[in-house]
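Asks: If you read the protein sequences in the order shown, they are chains U and W. Here the first sequence stands for residues 592 to 1470, numbered as in the numbering used here. Here the second sequence stands for residues 5 to 436, numbered as in the numbering used here. A virtual CB, placed ideally from N, CA and C, is assigned to each residue, including glycine. As the structure is a computational prediction, the values presented were derived from the model and not from experiment.
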Amino acid sequence: MLCADIECCMTFLQSCVEAGVLSRRRVKRGRAAWAVLGCLVSIPLMAQGRGEGSQSQDAALRAFAPLLEEHCMECHEGSKAKGALDLRKLSLQVEDRALRERWVRVHDRIQKGEMPPPKKGDLGEEERARMVSLLGGVLLHVDRAEVARVGRGPLRRLNREEYQHNLREVLQLPHLDIRDMLPEDREGHHFNKSTETLDMSREQVTAYLEAAEVALRAAMVSGNAPLKAATYRAVGTDLFPSVGTFGNRQAMFFAKGDQAVKVEAKVSKEEEARRAQDEELELALFRSASWPYFGYPKRFLARVEGEYRVRFWARAVRQVDGFKLVPADLPQPMTFRARKPSGPCIAGDPRATGGILDIAPEGAVYETTLQLKAGETFEYSLLGLPVPLAFNVKGGPPTYRFPPFPEGGQPGVAFRWLEVEGPLPPVQWPPASHRVLFDALPVGEEPADPQAEARRLVRRFAAHAVREPFSEADLRVFEGLVLGRLEKGEPFASAVLAGYKAILCSGPFLYLREPKRPDDHFAIASRMSHFLTNTRPDEVLAARAREGLLRDRSVLRSEGERLIAGESFERFIQNFTDYWLNLRQMRRDDPDVRLYPEYRFDDYLVESLEQETRAFVGTMIRENLPATALVASDFLYANDRLARHYGLEPLVGSRLRKVSLPEGSPYGGLLTQGAILKVTSNGTTTSPVVRGAWVMDRLLGTPPPPPPPSVPAVEPDIRGAKTIRELLALHTRDESCAGCHQRFDPVGVALENFDVLGGWRERYRGLEEGQTVKGIDRAGHEYAYTMSAPVDSSARLAEGTAFANIYDLKRILAANPRPLGRNLLHQFTTYATGTPVRFSDRPEVEAILDACADGGYRVRDLLLGLLESRIFLGDAGCR
Amino acid sequence: MLSCVARSDRRGFLRGAGVLLALPWLESLSSVLGQSAEPALPRRMLLISNNLGVIPRFFFPTGTGRDYELSPYLRELEAFRGDFTVCSGLSHPGVTGGHSAENCFLTAAKGPARSGFRNQISLDQFAAEKLGQVTRFASLNLGVNIDRANRSLSWTRDGALLPAEDNAVAVFRRMFVQGNPEEVARQLHRLEERGSILDALMEQTRRLNRSLGAEDRVRMEQYLTSMREVEQRLHAAREWESKGRPTPPEKEPRDVRDKRFFLEKLELMLSMARLAFETDSTRIITLMVDGLTTGVFQLRENQNTTDGYHGLSHHGQAEHKVRQLQDAECQQMGLLRKLLEALAGTREQGRRLLDQTMVLYGSNLGDANTHDNTNLPILLAGGGFRHGAHLAFPRDANAPLSNLFVSMLQQMGVEAESFGSSTGRLNGLEPI
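#1: Which residue's Cα is closest to the Cα of U:F1083: U:A816, U:V1034, U:K1269 and U:W1285?
#2: Output needed for U:L764: all residues of its chain with C-beta closer than 8 angstroms, excluding positions within five of it in sequence on either side, in chain order.
#3: Going by C-alpha to C-alpha distance, which of U:E1010, U:T1420, U:A1370 and U:Y1448 sits closest to U:A1406?
#4: For W:R152, tell me which candidate among U:V695, U:E1359 and U:D771 has the shortest Cα-Cα distance.
#5: Please name the residues in the region 790 to 801 of chain U whose beta-carbon is closer than 8 angstroms to at least one beta-carbon of chain W, in chain order.
#6: At a Cβ threshold of 8 angstroms, is W:S53 touching chain U?
#7: Using the rule of at least 16 other Cβ atoms within 10 Å of the residue's Cβ for burial, across every protein chain shown, is W:Q460 buried or exposed?
#8: By alpha-carbon positions, which one of U:H1236, U:R1402 and U:L1440 ends up nearest to U:R1352?
#9: List, in order along the chain, the chain W residues whose C-beta lies closer than 7 angstroms to that of U:P1082?
#10: Skipping 5 residues on each side, what residues in its chain have a beta carbon closer than 8 angstroms to that of U:A1089?
#11: So who's on the other strand from U:V1281, going by DSSP bridges?
#12: Which residue from U:Q1264, U:G1339, U:V1027 and U:R992 puts its Cα closest to that of U:R1369?
#13: Tell me which residue opens and which closes the alpha helix (DSSP H) that U:V1197 is part of.
#14: Work out the CA separation of U:T1277 and U:P1434 for me, nearest whole Å.
#15: For the alpha helix (DSSP H) containing U:A806, name the first residue and the last one.
#16: Using a Cβ-Cβ cut-off of less than 7 angstroms, give me the residues of the region 1076 to 1100 of chain U that come near chain W, in sequence order.
#17: Count the other CB atoms, across all protein chains shown, that sit within 10 Å of the CB of W:N123; report buried if there are 16 or more and exposed otherwise.
#18: What are the residues that DSSP puts in a beta bridge with W:E352?
#19: Closer than 7 angstroms by beta-carbon distance: list the chain U residues that pair up with W:S119, in chain order.
#20: Quick check on the DSSP output: the alpha helix (DSSP H) that includes U:V761 runs from which residue to which?
#21: Which complete alpha helix (DSSP H) runs does the region 61 to 119 of chain W hold, if anything under 4 residues is left out?
#22: Please compile the residues from chain B whose C-beta is within a distance smaller than 7 angstroms of the C-beta of W:V234.
#23: For U:P1014 versus U:G897, is the C-beta spacing smaller than 8 angstroms?
#24: Tell me the DSSP secondary structure of U:A919 in three-state form.
#25: Say whether chain U places a C-beta atom closer than 8 angstroms to the C-beta of W:Q226.
#26: What residues from chain U crowd round W:S285, counting only those whose CB sits closer than 9 angstroms?
#27: Residues in the same chain with beta-carbon distance under 7 angstroms from W:N431, minus the five sequence neighbours each way, listed in chain order, please.
#28: Taking Cβ-Cβ distances shorter than 9 angstroms, what residues in chain W pair up with U:D771?
#29: Verify the CB distance criterion: does U:G930 have a CB-CB separation below 8 angstroms to chain W?
#30: Grab the span of the alpha helix (DSSP H) containing W:Q208 for me, first residue to last.
#31: Could you tell me whether the Cβ of U:G1330 comes closer than 8 angstroms to any Cβ of chain W?
#32: Could you say which of W:H193, W:A393, W:T229 and W:S104 lies nearest to W:P65 if we only look at CA atoms?
#33: What residue range is occupied by the uninterrupted beta strand (DSSP E) comprising U:T944?
#34: Over the uninterrupted beta strand (DSSP E) stretch that includes W:Q321, give me the two end residues.
#35: How would you label U:S1097, buried or exposed, when you count the other beta carbons within 10 angstroms and need 16 or more for buried?
#36: Of all Cβ atoms in chain U, is any one closer than 8 angstroms to the Cβ of W:I201?
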C-alpha cells in the first residue's frame, strides 16, 4: 500500500473495502473442469527462458492447479469473485514480479489457515500443506532465479539526510546544513530508504547541484586568518530584551537581595546605562519559552554562522508571594533556543541548541556551546514551566494571566551575568574543510602550474570523496571538465570547484548499490555504514573494504559491533525510529487542551517522551535485549517529568535514566510508551482501530491487508453509535467489517487505558456527560471537563484468546517472541537494503531466527545475523 | 436548505466581482527566443484537485444537458453558470485503491495500490513538454497543506514525483523578486557552468551504464534523463534570467503557514495562480489541496472543526460531521467563484482572461467516505469552451476522465490525439 498515513486506518473502511465483497452472494460450486486448463495453458509459456529446473516447476503447478480448483474457485471466480480476486484470471506466470507478489499473498493466506475460511473446513491439514509446498516451491524457485539474475534490488539514491551526512564527512563540516535545499524524500514501506520511491527528477538533480555548490563554498575560506571571535557580556537589565514579559511579574522580574525591584521601562540614558552594569541585579524567570515570548539577552546577534560559547551564572529559585525569591529544592532544567530576534511573533522556527542544563539551587557558572546562524540570537528556555497565554476578557485586548503558584512557590531560574564568545575559530587555518579542497595551496593564491595542480587536486579530491575508487576513464572526465573551465579563463578555485561539484553529483556518489561480486567489499562497506550510521564508511571500515575483508564473518561481526557501540550509531537510532515508529510526527497533533489541560504547552513532556523511546530502542540493540522488549520490559527510561507522567517515584533532573518498574505498573516495553501512544492518537481522542492497526503493522509485523482494487465499498453508517465500544461492536456485527477488524481492533482496545499522551486513565474524559472537573491549567486558563464512561480494555484476539486488560495482552504477546523477532528482521531488512523481505529471503530470515532462538531472539543478535546473511551481502554471502 | 455565503471576513486575496483589470501587453518568450510568432492570445490551465473530494449529493446536479438544476455547491457558482461545465460519470479506469489514487488524478496511471506501481507523466507536464518553455516557468506546481514528500499532481515521464510548492510567499518571490545585477550575473555564470558539469556527468554515466544489470540501468536512465532535462532547460533559463522579472501587480502577501488556516491558505494559493496568469509567468498550474494532512482547521472566525479534514470526510453520515464538511466544501466553492470573478474581471486585449483560462476542479475520490474512486466530481470552467451544461456519463460504466484531458490539451494548442486512458475527446464539450 502506498498510503502510509496512519490516519487512513482511522477510517472504518479501509478494511470494509475488502470485506465489502466477503458477504456477497456465493458462486455456485463445481464449474466444469475446463477452467483448470485455463491455468494450465499458461504454464508452457512459463518455461520459456527459464532453463534448468523449469520442468519440475511446471509439474508442481500441474499438481497445484486441481487443488486450487477444488478448494478456491468456488468463491474466487468470475466477476463476483470474493475480495475481487478472480483466480481464474490470475495468471500463474509468476515470472512476472507483480503477479508473483499476488500469488505470494495467496500462498500466505492458505499457509496461515485464513483461506479457505475455516468454517468451510474441507481442506485437510495434509492437503493444505501440499498446496503450500507446491505453490511455495515454485515461488521460491522463480524468485531466487530472479535475484540471481538481476539482484535483490536495484541501485538506491541517497536520501537527503544521507547526502548531507556524506557531504559533512567529505568536507569536514560537521554542522553543514543543506538538507532543506533538497526535496523531501518519498516514503516507501514506511522508510525514507526505499529503492522504489527514491526517484530522480530534474528538480532533484538541480537541487543536488545547488546543495553541492553551497557545501563547497562553505568549505572554502577566503581570508588569511579566521574571523576574530567577538565577546559579549550582559549584566543587569541587559540580560533581557525588555523590563518584563508576557505573564507579568509572576512570569519574570529583576531582583535584588531576593526581592523584586521596580524597573521602569522609560528612563534616562544614564539610568539605563547604570542598571545595565548593576552586577547585583538578578534576572528571575518563571515561564517556559513559547509564544508569546522573546527572552533573549539584549543586543546580541551572531554575525556569522558558527559555534558560540556561552557562560553564565545562575541558580534555581522559587518565587513566593510578594515577588520574593527563596532557594529551590530541586534543580531546574533549561536549554537555549536559537532564533531570529523578531519579537513575540517568531519568524523561522526556534530550535533548541546547546543541550539541556540542570540549574542547581546553589549559584554556579554554567557553560555550553551553541550553534547559531548569521543574524540569530538565542533565548532562555526553561523547561516544564507554565506558559502564560493571551486571555481576551469579553473580546477585549489580550491580557496575560499566570496560573496560581504550586505549593511552596513557583519554580524558576535567576541569572546574574552571561557571556558569549564566538564564532569560535577553527583549530587550524585554513580550516580542515579548506584543505580538503586545496591541500596546502595558500588561501587566495593561484598555483604556478594551474593545469598540473588542477589535475593533482581533482584526483586527490576524487579519491577522498568517493566511496569506491573511480575508474581511470571517470577521472579523466572530471579532469577534462576542470581543464576546460581553466581554458575558458575561469579562476583556478572556481574551475576546480566545478570538478568537485561534478564528483559530488555523480552516479557513484549519489547512488548505493548492492553487493554482487565476491570482491564487492566497497559496496558492503557502504551498505553497512548507511545502515548503521546513516553515512559513508568511516576510516576503519573503509580500510577493511580496501583490504578485502568484508566477506569474513568475524570481521563483519566485529565491525558491526564497533559501529553499534560508536557515537554515530545515534544517527541510526534517530532516523530508524523517526520512520519505523513515526517519531518524526511527535509534534503533529497538540493535545486537546479542553480535555487535557495538564498537557497544555508541555513541550518538555513531549520532548522527554521522544527521547525516552529513542533511548529505549538504543538499549534494545546495544544491550541486546530479547525481542519481547517490543511489548514488555521491567524497566523504562525516565527523568523528572516522565516519573510524574508514569506515576513513578519522583526523580530529580532532566537526564533520562534507567528505572526499574514497580510491581503493578502498566508500563514497560515499547508498546505502552507515551511516544507510541501519542503518534497513534490525534490529540483529542484515541481510536482502538488506529492504534490496533498501527501496532499490528509496526510492532507485531502483521499489517492489516491492503484493500483489493476495484471493489465497491460498504458505506458505513455510524449514526447512533455513541461510545467507542458501540462503534467497535458494529465492526463485529457486520460480517463484512469483522473479517479484518477482529484482527486489529482488540490490540487497540487493550491500549484504551492510555490517553493521548500515554497517561494512565480509568475513565474517559468528555465535555458534557459525567462529573465535572474544574481548575486552572498551567497557562492560567480555566478548564472544565467531565469524567465520563469507564474504560473497558477487555477483548478477544482473532485466534480466540480473551484478555482482560493490557497486563494480559502483554503476557500473551510476550509468550510468543518469534513473530516479534521476525518483525524486527523485516524492519531492519527494509531499512538496510531498501527492499523489503522477498519471498526468496524467507528461508534466510527463518535461519537467522533459528540461530537467535536460544537467547530469546535478542535484538543485536538479529541485527548482526542480518549483516552476515545473503540478504545483506548478496549471493556471494560470507565465509 | 443549504446556503453558505462565503465568509465576508476573508482576507480578500482574490479580488471580488466588479473590479476590472486590464493586462499590459504580455511579452512572451517568442520574441525573446526569436521563435516564430505564436497565436496572439495564449491559453492557460489551472488544474485543481482536492484529494478528499466532496460530498457527492451536494455537488452533482439533478437533470442533464443545459436545463439541469444547480446543486447546493454549484449554486455558489450560479453567476457563472454559462461559464462552466459540470461532469458526472467520469473516472480513471483502473485507478483504484482509495487514497493511493490521489497521485494519479492527472496521470491516469493504473493500479496505484499495487506493489511495484510506477506513475506516469501528468497532464501538466505533458502539456509543458509540448509547449516548451515559452514563459518564465514552464509550469507551476502548487499545494495547500501538502505532504510534499509523498503527494503531488505533477509527475515526470518516468514516474518521479515533482514536489509541490506550498509556500505562497516563496511562489510570489520566485515570480517577482528581481535580483541585483551582481546576483543575476552570478546566476548566469552558475547556469553556464552547470552546462559543462552536466556534459561531464552525462558522459560518465553513459559509460557506467554499459556495465550495469537491467534493473540498475533503469535507475541510471532516470538519472540520465533528469540531467538531460535540466540541460535542455538551461538555454531558456539563461534567457529568462537575463530578462527582468515582471513588476508584481500587488504587494507581497503576508504568509500564512499554520495549517489550521486551511481556507486562507487555499485562497492565498489561488491568488498566486491568478497572479501567475496575469503576468504570464506560466500558463500551466497544478494545485493539490491536501486534506489528509489538514488536521483540525478553522472553519469560521472563532470556530474550529471538531475533527481533522480526513476524519470529517469519513463522516459515516453522522450529522455533525457532514455539517462541518459541507461548510468547508461550500466555502471552497465560494473561493473558486471568487477566482472566476477575478479572471472574468481581467481583460487581455479586450477579452476576459477567464475565456483564455481553463480552470479544472476535481478530485481523485468520488466519495471519500467510502474511498470510492469512481464517479469523480469534475468541473471545468472557462478556457473558451461552450459551457453551461451538465454532461452526464453512465454512473455504472464511467467514461474516461482522460477524454476531458485530451479536449483540454487540444484547446491548449497541443496536438495530442490521446492521453492516459483516453478513447477520444470528451463527448459534448466543444470549443466555441
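Replies: Judging by the given coordinates:
#1: Your numbering for residue 1083 of chain U matches position 492 in the first sequence. Minimum Cα distance to U:F1083 is reached at U:V1034.
#2: Locating residue 764 of chain U in the first sequence gives position 173, counting from the first residue. Close CB contacts of U:L764 within its chain, under the 8 angstroms cut and outside five residues either way in sequence, are with L758, A806, A809, A810 and S1024 (chain order).
#3: In the first sequence, counting from the first residue as 1, residue 1406 of chain U sits at position 815. Comparing C-alpha distances from U:A1406 to each of U:E1010, U:T1420, U:A1370 and U:Y1448 shows the shortest one belongs to U:Y1448.
#4: The sequence position of residue 152 of chain W within the second sequence is 148, counting from 1. Out of U:V695, U:E1359 and U:D771, the CA that lies nearest to the CA of W:R152 is found in U:D771.
#5: Taking 8 angstroms as the Cβ-Cβ cut-off, the region 790 to 801 of chain U approaches chain W at D790, M791, S792, R793, E794, Q795, V796, T797 and L800, given in chain order.
#6: Residue 53 of chain W sits at position 49 when you count from the first residue of the second sequence. Cβ-Cβ to chain U under 8 angstroms: no for W:S53.
#7: An answer regarding residue 460 of chain W cannot be provided, because it is not within the stretch 5 to 436 covered by chain W.
#8: Your numbering for residue 1352 of chain U matches position 761 in the first sequence. Measuring from the Cα of U:R1352, the nearest candidate turns out to be U:H1236.
#9: Position 491 of the first sequence, counting from 1, holds the residue named residue 1082 of chain U. Under the 7 angstroms cutoff, chain W gives no residues; its nearest Cβ is about 11 angstroms from U:P1082.
#10: As a first step, residue 1089 of chain U is located in the first sequence; it is residue number 498 there, counting from the start. Excluding sequence neighbours, U:A1089 sits near L1072, V1073, R1076 and E1081.
#11: Locating residue 1281 of chain U in the first sequence gives position 690, where the first residue counts as 1. For U:V1281, which the question treats as bridged, DSSP gives no partner whatsoever.
#12: Start at 1 with the first residue of the first sequence, and residue 1369 of chain U comes out as number 778. U:R1369 has its Cα closest to that of U:R992, out of U:Q1264, U:G1339, U:V1027 and U:R992.
#13: Residue 1197 of chain U sits at position 606 when you count from the first residue of the first sequence. For U:V1197, the enclosing alpha helix (DSSP H) starts and ends at D1194 to R1213.
#14: The count along the first sequence starts at 1 and reaches residue 1434 of chain U at position 843. The count along the first sequence starts at 1 and reaches residue 1277 of chain U at position 686. Annotation: U:P1434 to U:T1277 spans about 38 angstroms, alpha carbon to alpha carbon.
#15: Residue mapping note: residue 806 of chain U aligns to position 215 of the first sequence, counting from 1. Its alpha helix (DSSP H) spans residues R793 to A810.
#16: Hits within the stretch, in order: R1076, A1089, K1092, A1093, C1096, S1097 and G1098.
#17: The count along the second sequence starts at 1 and reaches residue 123 of chain W at position 119. By the neighbour-count definition (other C-beta atoms within 10 Å, threshold 16), W:N123 is a buried residue.
#18: Counting from one through the second sequence, the residue named residue 352 of chain W turns up at place 348. Assignment of beta-bridge partners to W:E352 by DSSP yields W:R355.
#19: Within the second sequence, the letter at position 115 stands for residue 119 of chain W. Here the neighbours are A689 and E692.
#20: Position 170 of the first sequence, counted from the start, is the residue given in the question as residue 761 of chain U. Residues R751 to L762.
#21: Taking only runs of at least 4 residues, the alpha helix (DSSP H) segments lying wholly in the region 61 to 119 of chain W are 76 to 79.
#22: The structure shown contains no chain B; its protein chains are U and W.
#23: On the first sequence, position 423 is the one that residue 1014 of chain U refers to. On the first sequence, position 306 is the one that residue 897 of chain U refers to. Going by C-beta atoms, U:P1014 is nearer than 8 angstroms to U:G897.
#24: To locate residue 919 of chain U, count along the first sequence from 1; it is residue 328. Here U:A919 sits in coil by DSSP.
#25: Position 222 of the second sequence, counted from the start, is the residue given in the question as residue 226 of chain W. The beta carbon of W:Q226 falls within 8 angstroms of a beta carbon belonging to chain U, placing the residue at that interface.
#26: Counting from one through the second sequence, the residue named residue 285 of chain W turns up at place 281. Residues of chain U with a Cβ closer than 9 angstroms to the Cβ of W:S285 do not exist, since the nearest Cβ in that chain sits about 18 angstroms away.
#27: By 1-based counting over the second sequence, the position of residue 431 of chain W is 427. Once the five neighbours on either side are set aside, W:N431 has no close Cβ partner at all.
#28: As a first step, residue 771 of chain U must be located in the first sequence, where it is residue number 180. Annotation: U:D771 has no Cβ neighbours in chain W at a cutoff of 9 angstroms; minimum Cβ distance is about 11 angstroms.
#29: Within the first sequence, the letter at position 339 stands for residue 930 of chain U. It is Arg, not Gly, that sits at residue 930 of chain U in the sequence shown. Residue contact with chain W for U:R930: absent (no Cβ-Cβ distance below 8 angstroms to any residue of chain W).
#30: As a working mapping, residue 208 of chain W is identified with position 204 in the second sequence. Residues P185 to R214.
#31: Here residue 1330 of chain U is taken as the residue at index 739 of the first sequence, counted from 1. It does not; no Cβ of chain W falls within 8 angstroms.
#32: Residue mapping note: residue 65 of chain W aligns to position 61 of the second sequence, counting from 1. Of the listed residues, the one whose Cα sits closest to W:P65 is W:A393.
#33: Residue numbering aside, residue 944 of chain U sits at position 353 when the first sequence is read from its first letter. Residues R942 to I950.
#34: Counting from one through the second sequence, the residue named residue 321 of chain W turns up at place 317. Run containing W:Q321: none; DSSP gives neither H nor E here.
#35: Along the first sequence, read from residue 1 onward, the residue named residue 1097 of chain U stands at position 506. Buried is the call here.
#36: By 1-based counting over the second sequence, the position of residue 201 of chain W is 197. Yes, W:I201 counts as interfacial toward chain U.
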